Amino acid sequence: MDNPFVFGQSVSGEYFCNRVKEQSDLAAYMRSGQNVFIYSYRRLGKTSLVKQTMAGLDVKHFTFVFVDMERVSTQAQFVEVYSKALADAMVKVDKLQKIRNLFGVLVPTFEISPQGEVSFEFNLAKKVSSVQRGLEEVMELPKKIATRYKRRVVVIFDEFQEVENIGGATFEKFLRSYIQHHKDVCYIFMGSKTTVMFDMFNDPKRAFYRSSSVFPLKAIPAPELVAHMIKCCRKSGKSISRSLANELVSMAGGLPHYVQMLAWHTWETARGKIAAKHLEQGIKNVLQSQSDLFQTWYEQATLRQRAVYRALAVRQDIFSGQALHDFDLGSASTVQSVLRVLVKKGLINHENNVYALADPFFGLWLKERKV
Ligand SMILES: Nc1ncnc2c1ncn2[C@@H]1O[C@H](COP(=O)(O)OP(=O)(O)OP(=O)(O)O)[C@@H](O)[C@H]1O
Ligand SMILES: [Mg+2]
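For the sequence shown, our numbering gives the first residue as 57, with consecutive numbering after it.
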């Protein structure tokens with residue numbers, strides 16, 4: 057039997073756990089064309105939720121354009137990635153020639169693989185004027201498609217916070233000037249650098265200020281993760297008790313990615329019934345697989361940052377006099393400024409006034425190594 061746990065890529069279908077209410081809320085936004093800004097800290101399940109919601113909607117009425125901005129750092133790349141995403145989405149809707157005709161200054165070329173899969177290329181001349189014309193064209197395309205094909209177009213910008221690096225405030229203004237007129241299009245802005253995303257939509261000086269509904273994605277409740285794990289184990293011919301599944305979820309901080317990673321390793325070590333010794337081995341394997349990464353994080357940290365890491369590995373109240381003293385953290389204001397940097401980098405999560413290491417296994421690694 058195959059391992060039923062998945063990490064390192066978005067999950068959907070039988071691998072997807074719960075989030076029923078979130079799916080129904082998001083589907084309502086998509087249906088009504090209401091723009092929405094979804095944010096959470098890293099790896100909580102934003103991409104999976106959007107893809108799962110898309111899969112539940114009728115493709116006859118929707119065109120989904122998925123724009124991954126993770127590696128986009130210039131306006132020319134933005135035009136290429138966005139155009140390609142639009143063309144890819146239209147393959148299910150119309151003939152290649154008609155898709156080509158949707159574009160004007162941007163001229164797509166396409167290849168068809170032996171398996172019949174179409175891939176588009178947009179080789180944009182890198183001249184400023186042609187990038188600008190390409191930008192204007194691609195920004196109008198979702199509306200053009202919505203009108204011409206009488207469909208709800210849903211454009212999903214994943215890792216949207218990257219726009220900040222593409223062209224700063226001017227580029228944000230430029231995007232907003234198009235988006236605000238597209239009533240038939242639903243724009244979904246997703247991002248994981250929560251402070252960056254939050255500022256973008258809540259700072260009155262920014263172009264996207266209050267421009268969309270806000271959708272903060274929360275953790276999946278632990279009992280749901282536990283029930284999902286028991287079900288997945290059962291389906292794959294193995295079993296796990298509720299109490300052990302509970303322990304596993306709690307070791308992984310209740311965070312979906314880490315729960316799945318630990319469950320994957322634990323499942324691999326057991327034959328039939330998953331017991332405490334398999335969980336122990338699973339933890340060891342996770343730590344081993346991540347140790348180079350953790351070592352790098354630790355080596356790259358300043359002395360003050362390391363002190364904060366060590367403190368957070370064992371306690372939450374790191375502002376108490378005792379913690380400041382025991383971990384040599386300096387003053388409370390020093391700790392604040394260290395935390396600000398690490399939260400921005402996504403290495404520490406901050407929610408409901410509680411700070412925690414974003415990766416629960418990093419905490420375990422620190423504790424074990426007694427660094
Ligand atoms: N609903 C879910 N059911 C089961 N596992 C999930 C679910 N959501 C997320 N996961 C787990 O978390 C991992 C990360 O999910 P996903 O990539 O959707 O998160 P993300 O918030 O988009 O992450 P990033 O911040 O890296 O963009 C998945 O690979 C999977 O292991
Ligand atoms: Mg994602």
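Note that the Cβ used here is the ideal one computed from N, Cα and C, for glycine as well.
Here the structure is a predicted model, which means the values were calculated and not measured.
{"Check": "Validate contact between the segment 166-181 and the segment 224-243 using beta carbons, cut 8 Å, 3 pairs", "Outcome": "no"}
{"Check": "Supposed contact pair Val67 and Ser104 - C-beta distance, whole angstroms, cut 8 Å", "Outcome": "5 Å"}
{"Check": "Identity of the residue in Thr109, Met246 and Val194 nearest Val92 by Cα", "Outcome": "Met246"}
{"Check": "Close-in-space but distant-in-sequence residues of the same chain around Gly223 (CB under 8 Å, 5 per side omitted)", "Outcome": "Gln131 and Phe230"}
{"Check": "Terminal residues of the beta strand (DSSP E) in which Gly247 lies", "Outcome": "Val241 to Gly247"}
{"Check": "Gly101 Cβ short of 6 Å to ligand 1 heavy atom set", "Outcome": "yes"}
{"Check": "Backbone CA spacing between Ala332 and Met317 [nearest angstrom]", "Outcome": "17 Å"}
{"Check": "CB contact flag (Phe63, His313, <7 Å)", "Outcome": "yes"}
{"Check": "Segment contact flag, the segment 115-124 with the segment 207-217, C-beta cutoff 8 Å, min 3 pairs", "Outcome": "yes"}
{"Check": "Ile235 to Tyr243 span [Cα, whole Å]", "Outcome": "8 Å"}
{"Check": "Inter-residue Cα distance where the pair is Ala326 and Ser268", "Outcome": "47 Å"}
{"Check": "Sufficient close CB pairs (3 or more, under 8 Å) joining the segment 373-392 to the segment 301-308", "Outcome": "no"}
{"Check": "Residue burial classification, Phe166 (beta-carbon count within 10 angstroms, cutoff 16)", "Outcome": "exposed"}
{"Check": "Length of the line joining the Cα atoms of Ala111 and Thr251", "Outcome": "30 Å"}
{"Check": "Range covered by the beta strand (DSSP E) that runs through Leu368", "Outcome": "No beta strand (DSSP E) contains Leu368, which is instead part of the alpha helix (DSSP H) from Leu359 to Val370."}
{"Check": "Whole alpha helix (DSSP H) elements within the segment 190-249, 4-residue minimum", "Outcome": "219-235"}
{"Check": "Integer Cβ distance of Ala143 from Leu113, believed to fall under 8 Å", "Outcome": "Not quite, the Cβ-Cβ distance comes to about 21 Å (not below 8 Å), so this is no contact."}
{"Check": "Candidates Phe350, Leu395 and Lys107: closest to Asn409 by CA position", "Outcome": "Leu395"}
{"Check": "Where Met125 falls, given that 16 or more other Cβ within 10 Å makes a residue buried", "Outcome": "buried"}
{"Check": "Bridge-paired residues (DSSP) for His406", "Outcome": "Tyr411"}
{"Check": "Among Val399, Gly89 and Ala414, nearest to Asp240 - alpha-carbon criterion", "Outcome": "Gly89"}
{"Check": "Nearest-angstrom Cα separation, counted from Glu220 out to Phe178", "Outcome": "23 Å"}
{"Check": "Outcome for Asp214 when other beta-carbon atoms lying within 10 angstroms are tallied against a minimum of 16", "Outcome": "buried"}
{"Check": "Length of the line joining the Cα atoms of Tyr138 and Arg156", "Outcome": "15 Å"}
{"Check": "Per DSSP, the bridge partner or partners of Glu167", "Outcome": "Ser175"}
{"Check": "C-alpha distance - Met285 paired with His406, whole-angstrom precision", "Outcome": "27 Å"}
{"Check": "3-residue-minimum beta strand (DSSP E) runs that sit fully inside the segment 253-311, ordered along the chain", "Outcome": "269-272"}
{"Check": "Sequence-distant residues of its chain with Cβ nearer than 8 Å to Asn31 (five each side left out)", "Outcome": "Absent from the structure is residue 31, since the part of the chain shown begins at 57 and ends at 427."}
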